[in-house]
Amino acid sequence: MSRNLEDLKGILPPIPTPFDRRGSFARDRLRDNFRVWNRHALAGFVVLGSNGEGVLLSSEERLDVLRAAREDIPETRWMIAGTGCPSTRETVELTRHAARIGADAALVLPPSYYRGRMTREALVRHYAAVGDASEIPVLIYNMPACTGIDLDAGTIAAVAAHPNVVGIKDSGGDVVKMGAIVGSLGSEFRVFAGSAGFLLPALAVGAVGGVLALANIAPAECLAIYDHFVNGRAVEAAELQRRMIPVNTAVTSRWGVAGLKAAMDILGWEGGPVRAPLVDLTPPEVEELASILELGGLEKEEEGGR
Numbered sequence: 120m121s122r123n124l125e126d127l128k129g130i131l132p133p134i135p136t137p138f139d140r141r142g143s144f145a146r147d148r149l150r151d152n153f154r155v156w157n158r159h160a161l162a163g164f165v166v167l168g169s170n171g172e173g174v175l176l177s178s179e180e181r182l183d184v185l186r187a188a189r190e191d192i193p194e195t196r197w198m199i200a201g202t203g204c205p206s207t208r209e210t211v212e213l214t215r216h217a218a219r220i221g222a223d224a225a226l227v228l229p230p231s232y233y234r235g236r237m238t239r240e241a242l243v244r245h246y247a248a249v250g251d252a253s254e255i256p257v258l259i260y261n262m263p264a265c266t267g268i269d270l271d272a273g274t275i276a277a278v279a280a281h282p283n284v285v286g287i288k289d290s291g292g293d294v295v296k297m298g299a300i301v302g303s304l305g306s307e308f309r310v311f312a313g314s315a316g317f318l319l320p321a322l323a324v325g326a327v328g329g330v331l332a333l334a335n336i337a338p339a340e341c342l343a344i345y346d347h348f349v350n351g352r353a354v355e356a357a358e359l360q361r362r363m364i365p366v367n368t369a370v371t372s373r374w375g376v377a378g379l380k381a382a383m384d385i386l387g388w389e390g391g392p393v394r395a396p397l398v399d400l401t402p403p404e405v406e407e408l409a410s411i412l413e414l415g416g417l418e419k420e421e422e423g424g425r
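Quick note on numbering: the sequence shown equals residues 120 to 425 in this note's numbering.
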C-alpha cells in the first residue's frame, strides 16, 4: 500500500533482533517487544537497521525477521526495512523482497567495502539502480561510524535527484550539514536525526523526526522531546534532551548494540544476547549501565506504558 510521504515524520526506533541462547532469531521475544512499543505513539519502526544486526543475518533470516515484524506492526505505522548490502544487485533483490513482504520504505546504507572507490558517481549509480528497481520509496542511510563513509551534502543532493529517493537518516551528527540538506532539498525531502543525542538540534534545523536507538527503551521520552519541540515548548524539550544524552551515549557510541540489548533486559524488555562477533556486556558493565539508566530516570516498562 502506497503511503503519503508527508506522514513520514516523528519518532521511529530501529529495533533490535532478539536471539535465543542458541543464537537463533527469537520470534516470540520480538512479538513481546512489539506489544509494548505499540502502546506508544511511535510513527513506525526500522527493521534490520544497524541495531537489528542485519549484517550478521543470513538472507533467509532477514526475510524471516521482516515477515515477523510486518505481522506485529500496525498498518497505520511505517515499516522501514534496512536493505543495504555490499553489492547493488543484492541490495535491489532484498529491497524487492521487503516490498513484497509489506515494507513501506527501504533504508539503504551506501556500499562500503571498497569505500576508496565509492565516488559520488558510483554512489549516484548505486542509489539510482535501487531507486529504479524499488516499488517503495528509498531513504539514504548515512552511518559513517559503521561504513567509514560520511556522505557530504553535495553527494546527498546528487543521490536525491532520483525521484524515488525521498529522505535520509543521518547518524553522522553534523547538524550544520543536516540544515544545509533541508535548505537545498526542501522540506519534502525527509531528513531524520540518526541519534537521540542530537534530536532537538536536528529538529531545529528542519529534520522531521528521528530514527533513534534510544526510542527502543525510552519511547515516551523521545516522543516527549519531539512533541515539546512541535508545540513550541523549547525549555522542556531542551531539559529532556540534556537528560537523555548520557543514556543515549551508553546505548550507541559507548556500548552499541550490546548496550542497547542489555538496557532492554534491565528495563523489562526482551533484549537478549548479541550475535558474534559482537560481545555481550560484562557484569560490571551491566551494573554501570543500570546506574546510567537510573540517573536518566528510566524505569521498567509497566503494563499500559510509563
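Using N, Cα and C, we set each Cβ at its ideal position, and we do this for glycine too.
Closest by C-alpha distance to residue i, when choosing among the options
i: R239; options: E125, A277 and R196; result: A277
i: F164; options: G129, L359 and T207; result: G129
i: F317; options: A332, S306 and G305; result: A332
i: P256; options: A222, C204, C265 and I275; result: A222
i: A145; options: G171, S231 and P133; result: G171
i: G250; options: T274, G302 and V285; result: V285
i: L412; options: T195, P402, I364 and F348; result: I364
i: D151; options: D384, T401 and E406; result: D384
i: N157; options: S169, E194, S372 and C204; result: E194
i: T210; options: A343, R181 and I287; result: R181
Reduced DSSP category for residue i - H, G, I as helix; E, B as strand; rest coil
i: V398; result: coil
i: M198; result: strand
i: A439; result: Because the chain is modelled from 120 through 425, residue 439 falls outside the range shown and cannot be assessed.
i: L226; result: strand
i: R203; result: The displayed chain sequence assigns Gly, not Arg, to residue 203. Coil at G203, not helix or strand.
i: A249; result: In the sequence under discussion, the amino acid at residue 249 is Val, which differs from the Ala named in the question. V249 falls in the helix class under three-state DSSP.
i: G378; result: helix
i: G325; result: coil
i: V330; result: strand
i: H159; result: coil
i: T238; result: coil
Residue(s) in a DSSP beta bridge with residue i
i: K288; result: Y260 and F311
i: I300; result: DSSP lists no partner for I300.
i: P133; result: V165
i: G221; result: For G221, which the question treats as bridged, DSSP gives no partner whatsoever.
i: F144; result: F138
Under 8 Å between C-beta atoms of residue i and residue j
i: I300; j: A321; result: no
i: L228; j: M262; result: yes
i: P132; j: A334; result: yes
i: A241; j: T214; result: no
i: G325; j: Y345; result: no
i: L304; j: A356; result: no
i: P230; j: H245; result: yes
i: P135; j: G313; result: no
Close-in-space but distant-in-sequence residues of the same chain around residue i (CB under 6 Å, 5 per side omitted)
i: E254; result: A218
i: A188; result: V166
i: G416; result: none
i: R122; result: D223
i: G423; result: Confidence at G423 is low in this model, with a pLDDT of 39, below 50, so its placement is unreliable and the value that follows should be read with caution. Same-chain partners within the cutoff: there are none.
Own chain residues within Cβ distance below 8 Å of residue i, not counting five before or after
i: E420; result: V155, L386, G387 and W388
i: S306; result: G325 and V327
Proximal residues to residue i (C-beta, below 7 Å), its chain only, five neighbours per side dropped
i: L124; result: P256, V285 and R309
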